[in-house]
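*Asks:* My structure is below; once you've seen it, I'll send some questions.
Protein chains: 4
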Amino acid sequence: MQSRTPGTSGTPAPRPGRPRSAAADAAILAATRQALVELGWSKLSMGDVASRAGVAKTTLYRRWTGKNELVVDAVAELFDELRLPDRGSLTADIEGVVLQFAAILARPEARSGLMAVVAESTRDDALRERIRDSIVDRQKRLVLEGRSRAQSRGELPPESDPAESARTVDLIFDVVAGAVVHRTLVSAEPADEVWVRDFTRLLLGGLPAAATP
Amino acid sequence: MQSRTPGTSGTPAPRPGRPRSAAADAAILAATRQALVELGWSKLSMGDVASRAGVAKTTLYRRWTGKNELVVDAVAELFDELRLPDRGSLTADIEGVVLQFAAILARPEARSGLMAVVAESTRDDALRERIRDSIVDRQKRLVLEGRSRAQSRGELPPESDPAESARTVDLIFDVVAGAVVHRTLVSAEPADEVWVRDFTRLLLGGLPAAATP
Amino acid sequence: MQSRTPGTSGTPAPRPGRPRSAAADAAILAATRQALVELGWSKLSMGDVASRAGVAKTTLYRRWTGKNELVVDAVAELFDELRLPDRGSLTADIEGVVLQFAAILARPEARSGLMAVVAESTRDDALRERIRDSIVDRQKRLVLEGRSRAQSRGELPPESDPAESARTVDLIFDVVAGAVVHRTLVSAEPADEVWVRDFTRLLLGGLPAAATP
Amino acid sequence: MQSRTPGTSGTPAPRPGRPRSAAADAAILAATRQALVELGWSKLSMGDVASRAGVAKTTLYRRWTGKNELVVDAVAELFDELRLPDRGSLTADIEGVVLQFAAILARPEARSGLMAVVAESTRDDALRERIRDSIVDRQKRLVLEGRSRAQSRGELPPESDPAESARTVDLIFDVVAGAVVHRTLVSAEPADEVWVRDFTRLLLGGLPAAATP
DNA sequence: GGTTAACCGAGACGGTACGTCCGGTCTTAAG
DNA sequence: CTTAAGACCGGACGTACCGTCTCGGTTAACC
Chain R
1 MQSRTPGTSG
11 TPAPRPGRPR
21 SAAADAAILA
31 ATRQALVELG
41 WSKLSMGDVA
51 SRAGVAKTTL
61 YRRWTGKNEL
71 VVDAVAELFD
81 ELRLPDRGSL
91 TADIEGVVLQ
101 FAAILARPEA
111 RSGLMAVVAE
121 STRDDALRER
131 IRDSIVDRQK
141 RLVLEGRSRA
151 QSRGELPPES
161 DPAESARTVD
171 LIFDVVAGAV
181 VHRTLVSAEP
191 ADEVWVRDFT
201 RLLLGGLPAA
211 ATP
Chain H
1 MQSRTPGTSG
11 TPAPRPGRPR
21 SAAADAAILA
31 ATRQALVELG
41 WSKLSMGDVA
51 SRAGVAKTTL
61 YRRWTGKNEL
71 VVDAVAELFD
81 ELRLPDRGSL
91 TADIEGVVLQ
101 FAAILARPEA
111 RSGLMAVVAE
121 STRDDALRER
131 IRDSIVDRQK
141 RLVLEGRSRA
151 QSRGELPPES
161 DPAESARTVD
171 LIFDVVAGAV
181 VHRTLVSAEP
191 ADEVWVRDFT
201 RLLLGGLPAA
211 ATP
Chain S
1 MQSRTPGTSG
11 TPAPRPGRPR
21 SAAADAAILA
31 ATRQALVELG
41 WSKLSMGDVA
51 SRAGVAKTTL
61 YRRWTGKNEL
71 VVDAVAELFD
81 ELRLPDRGSL
91 TADIEGVVLQ
101 FAAILARPEA
111 RSGLMAVVAE
121 STRDDALRER
131 IRDSIVDRQK
141 RLVLEGRSRA
151 QSRGELPPES
161 DPAESARTVD
171 LIFDVVAGAV
181 VHRTLVSAEP
191 ADEVWVRDFT
201 RLLLGGLPAA
211 ATP
Chain Y
1 MQSRTPGTSG
11 TPAPRPGRPR
21 SAAADAAILA
31 ATRQALVELG
41 WSKLSMGDVA
51 SRAGVAKTTL
61 YRRWTGKNEL
71 VVDAVAELFD
81 ELRLPDRGSL
91 TADIEGVVLQ
101 FAAILARPEA
111 RSGLMAVVAE
121 STRDDALRER
131 IRDSIVDRQK
141 RLVLEGRSRA
151 QSRGELPPES
161 DPAESARTVD
171 LIFDVVAGAV
181 VHRTLVSAEP
191 ADEVWVRDFT
201 RLLLGGLPAA
211 ATP
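Protein chains in written order, with full-length UniProt numbering: chain R, 1 to 213; chain H, 1 to 213; chain S, 1 to 213; chain Y, 1 to 213.
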């Protein structure tokens with residue numbers, strides 16, 4: 001939820017003059033998601049979002065530099081709902097979180113927005129950075145959390161080489177996120193329980209081999 | 001490479017009037033790729049492509065309904081370069097084709113265009129169909145070819161259940177394509193030989209488990 | 001009815017090859033007038049006229065250089081209907097022909113077309129020439145005929161100075177044509193019998209003064 | 001000079017938001033006249049006028065509904081220069097104002113524009129109304145002023161019947177305006193002093209007869 | 001009775017302008 | 001200094017015609 005004047009995390013540092021409306025931020029992001037549902041990314045316009053939010057266009061541009069940044073923030077909030085459930089086994093935990101991920105990608109505001117900003121980010125490094133910070137890296141916590149939980153259950157051995165370990169986390173993340181996105185958006189087939197079961201088998205079956213240096 | 005009036009595969013059935021210029025098609029698709037490289041998808045405009053190709057805007061609209069369809073055809077040609085190399089083993093074959101795939105995704109005309117049209121396709125069924133026909137399904141041949149070659153080498157058992165087999169092909173395709181795309185475009189890390197080796201280990205290691213019903 | 005290859009008035013000078021369809025000419029001019037009625041000059045398009053006439057666009061351009069020339073020919077035929085009636089007195093004759101002229105200008109194909117080509121002719125000398133030859137000068141016969149008839153009746157004296165006489169004919173023509181057109185198209189009031197009676201009084205009352213050198 | 005939102009004559013009633021630029025109006029009308037001179041009505045384009053005026057196309061369309069309305073306003077300003085000179089006699093006054101009128105019609109921006117909008121007005125009642133209000137009726141003041149001045153000089157009797165009088169004013173206006181326009185644009189001969197002298201003789205000679213009921 | 005040359009329909013072609021929409025910026029008055 | 005409102009410049013959109021061209025095929029007059 002970074003804005004043009006990035007959120008000074010600590011004290012608000014009260015500037016002179018009229019302070020910005022806090023309600024406006026929420027209204028704008030909600031309006032953006034609504035517009036994504038109804039229109040999709042390419043037909044979503046700043047003016048339309050502004051009038052949906054009951055706000056002037058200038059108010060948008062004071063907070064975000066453009067459509068891309070706005071959509072990143074609007075979509076990022078969706079992925080913060082992801083939780084790693086404790087279902088008792090690594091297999092079940094993975095299946096649970098993948099199903100949650102698939103459920104989010106089934107929502108039109110996520111489908112429309114996510115791929116569009118990724119596409120834009122191929123030519124805009126600042127945007128890619130923002131996507132990484134706001135969306136991608138924030139969800140790596142799930143992989144880390146899942147691994148440590150499996151280790152405490154004894155399903156996985158404690159990692160030895162930290163560099164090796166980081167590489168494996170990244171690989172898993174690319175495989176999970178990539179496969180679900182591809183299944184959902186490109187193949188346009190549902191990532192349902194059957195598919196998730198098969199996929200999880202593949203992933204867990206391959207893990208030991210991948211972890212070998 | 002479908003146009004607005006899809007190619008009647010058999011006899012050309014010479015319609016009355018001046019026939020469409022074949023040279024124009026090639027010039028337009030090349031100009032589109034060039035524009036993708038220089039400008040990216042969102043700043044690519046039909047007028048610009050037309051003038052690069054030395055063609056009138058109407059000539060574009062006579063052949064494609066819009067920017068999305070045009071870009072799909074322009075990008076599709078890139079992926080037809082993919083070949084399954086014969087490197088002697090299943091592992092090596094997979095590594096080879098994945099590296100080729102990664103090399104295509106490293107080209108800016110593919111990066112820019114591919115994700116954008118996928119994003120648009122989330123709200124346009126005809127476009128998704130076109131992407132599937134022109135790009136995705138056409139490359140599944142690689143998976144099929146690789147499997148039959150491995151079977152003839154004795155690396156894989158002949159499939160028994162055809163439905164089960166089709167499901168596995170789809171799964172592999174989603175995993176391979178998804179992981180490489182995610183690594184390349186979202187994580188923005190190179191899918192180099194090291195990564196491909198790790199990924200291939202994961203995939204081949206998990207295959208037996210995934211193939212179990 | 002001049003065409004691009006202007007009508008060699010005498011012998012048709014039979015060129016080799018297939019001769020032009022005579023029926024097409026009539027159909028095109030009729031279609032032009034119909035289009036003028038329904039669409040007006042500015043929304044009339046060559047393609048539309050062609051399809052109304054059941055003819056290809058090339059056939060139009062083979063005969064006329066453009067829209068303006070075509071419309072001039074189509075409108076010119078309307079004014080050839082004008083006849084000088086013999087109502088027994090100069091006053092009555094003038095009133096009769098002025099009413100006929102007003103009736104033609106009340107038809108939408110004449111209103112729309114005439115002023116438009118005159119407007120265009122302000123920047124196109126060839127077009128002005130064509131208008132003069134096809135429309136304007138051809139109707140001066142009415143003034144000449146009216147005068148000689150009045151002279152034979154003894155209502156007007158025979159002219160003495162030929163130059164002076166020509167100047168008067170031109171003046172009368174400008175006054176009559178100009179006044180009726182202005183009344184009809186600019187003031188947008190009908191040039192009815194009452195108005196024509198008043199106008200004719202003014203004209204005939206002023207004639208002796210104007211004819212004095 | 002009416003705009004899309006006609007000038008509320010009284011208080012400006014300050015609407016919210018940025019007010020319209022007054023300078024833009026003048027620049028646009030001047031650019032329109034310049035374009036009429038260089039290109040004529042049919043080759044004048046809104047985009048060209050906009051760029052000449054240093055203004056966006058949207059700014060034109062915010063103020064005028066189309067080319068016709070814009071040209072009417074641009075041309076109307078030309079005719080507001082007309083003044084009734086006091087040359088001591090009715091004859092001389094008329095000759096003076098007719099020469100002025102002819103001088104305006106000799107300017108290419110007037111020739112091109114005036115007839116074109118009159119032609120268009122044959123199919124557009126709102127446009128005809130606009131022409132009447134902005135150009136035609138505004139100049140009838142000249143006829144009225146000339147008559148009252150002639151009456152005060154004793155050259156004309158005071159009018160008795162007001163309806164009769166109004167009809168005569170309209171008739172004179174149609175004759176004067178029509179004849180000068182026809183002489184200038186259709187006959188394409190100059191309305192010079194000789195012609196104006198002859199025409200004025202005709203007009204004044206006929207007036208007594210026309211004024212008789 | 002074949003040759004031949006101009007005709008004809010259809011429709012694609014390179015252009016130009018259209019009138020609209022949107023992106024971002026700016027200028028107001030109000031808070 | 002922020003806000004709502006809305007005008008501003010610029011650029012792209014997709015469409016409509018322009019006048020030209022390139023086809024396959026027809027039609028009359030000459031040989």
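C-beta: ideal position from N, C-alpha, C; glycine also.
(1) Would phenylalanine 173 of chain H and lysine 140 of chain H qualify as a contact pair, given that the criterion is a beta-carbon distance under 8 Å?
(2) Can you name the start and end residues of the alpha helix (DSSP H) that glycine 113 of chain Y belongs to?
(3) What is the C-beta distance between glutamate 145 of chain S and proline 213 of chain S, in whole angstroms, given that I count them as a contact (C-beta under 8 Å)?
(4) Round the Cβ separation of alanine 191 of chain H and threonine 200 of chain H to the nearest angstrom and send it over; I've been treating them as touching at under 8 Å.
(5) Near aspartate 86 of chain Y, what residues of its chain come up, given a Cβ to Cβ distance below 8 Å and the 5 sequence neighbours on each side ignored?
(6) Count the other CB atoms within 10 Å of the CB of lysine 67 of chain Y; is the residue buried (16 or more) or exposed (fewer)?
(7) On the premise that arginine 63 of chain H lies in contact with leucine 25 of chain H, defined as a C-beta separation below 8 Å, what is that separation, rounded to the nearest angstrom?
(8) Applying a beta-carbon distance threshold of less than 7 Å, which residues of chain H neighbour proline 208 of chain R?
(9) Between aspartate 73 of chain S and chain Y, is there a C-beta pair that is closer than 8 Å?
(10) Quick one: which residues of the stretch 114-133 of chain S get their C-beta closer than 7 Å to a C-beta of chain Y? List them in chain order.
(11) Evaluate alanine 119 of chain Y with the Cβ neighbour count: other Cβ atoms within 10 Å of its Cβ, from every protein chain shown; 16 or more gives buried, anything less gives exposed.
(12) Can you have a look at arginine 147 of chain S and say buried or exposed, based on whether 16 or more other CB atoms are within 10 angstroms of its CB?
(13) Our contact map puts alanine 31 of chain H next to valine 71 of chain H with C-beta atoms below 8 Å; I'd like the distance itself, whole angstroms only.
(14) Is DSSP giving leucine 90 of chain Y helix, strand or coil here?
(15) Going by beta carbon distance, what residues of the same chain come within less than 6 Å of valine 196 of chain Y, once the five residues before and after it are set aside?
(16) Can you check whether the CB of valine 175 of chain R is closer than 8 Å to the CB of leucine 156 of chain R?
(17) Establish whether the CB of leucine 82 of chain S and some CB of chain Y are separated by less than 8 Å.
(18) Alpha carbon to alpha carbon, how far is glutamate 193 of chain H from valine 181 of chain H?
(19) Can you have a look at serine 45 of chain R and say buried or exposed, based on whether 16 or more other CB atoms are within 10 angstroms of its CB?
(20) Mind listing the chain S neighbours of phenylalanine 199 of chain Y? Cutoff is C-beta to C-beta under 7 Å, in chain order.
(21) On the three-state DSSP scale, how would you describe arginine 141 of chain Y?
(22) Would you check if the distance between the CB atom of serine 134 of chain Y and the CB atom of aspartate 198 of chain Y is smaller than 8 Å?
(23) Any beta carbon of chain S sitting closer than 8 Å to that of valine 111 of chain Y?
(24) In whole angstroms, what is the alpha-carbon distance linking phenylalanine 79 of chain S and threonine 122 of chain Y?
(25) Just the chain S side, please: which residues come within less than 7 Å of leucine 185 of chain Y by C-beta, in chain order?
(26) Is threonine 58 of chain H helix, strand or coil by DSSP?
(27) Just how far apart, CA to CA, sit alanine 106 of chain H and arginine 83 of chain H?
(28) Please confirm whether valine 175 of chain H has its beta-carbon closer than 8 Å to some beta-carbon of chain R.
(29) Whose Cβ in chain R lies nearer than 8 Å to the Cβ of tryptophan 64 of chain H?
(30) Does valine 181 of chain S have its Cβ less than 8 Å from a Cβ in chain Y?
(31) Closest Cβ-Cβ distance between leucine 202 of chain R and chain H: below 8 Å?
(32) Out of R:Arg128, R:Ala210 and R:Gly205, which one is the CA nearest neighbour of alanine 209 of chain H?
(33) DSSP state of alanine 155 of chain Y, grouped into three classes?
(34) Using the beta-carbon of each residue, which ones in chain Y are nearer than 8 Å to valine 98 of chain S?
*Replies:* This is what the structure gives:
(1) yes
(2) 108-121
(3) The Cβ separation is near 24 Å, so there is no contact.
(4) Contact doesn't hold; Cβ gap of about 11 Å is too wide.
(5) Asp93 and Arg149
(6) buried
(7) As written in the sequence, residue 25 of chain H is aspartate, which differs from the leucine given in the question. 7 Å between Cβ atoms; contact.
(8) Gly205
(9) no
(10) Met115, Ala116, Val118, Ala119, Glu120, Thr122, Arg123 and Arg128
(11) buried
(12) buried
(13) Going by Cβ atoms, the distance from alanine 31 of chain H to valine 71 of chain H rounds to 12 Å, so no, they are not a contact pair.
(14) helix
(15) Glu95, Val98 and Leu99
(16) no
(17) no
(18) 15 Å
(19) exposed
(20) Leu171
(21) helix
(22) no
(23) Note that residue 111 of chain Y is arginine in the sequence shown here, rather than valine. Closer than 8 Å to some Cβ of chain S, the Cβ of arginine 111 of chain Y qualifies, so yes.
(24) 18 Å
(25) Val118 and Thr122
(26) helix
(27) 17 Å
(28) yes
(29) None at all; the shortest Cβ gap to chain R is about 16 Å.
(30) yes
(31) yes
(32) R:Gly205
(33) For the record, residue 155 of chain Y in the displayed sequence is glutamate; it is not alanine. Reduced to three states, the DSSP call for glutamate 155 of chain Y is coil.
(34) Ordered by position in chain Y, no residue passes the 8 Å Cβ test against valine 98 of chain S, which lies about 12 Å from the chain.
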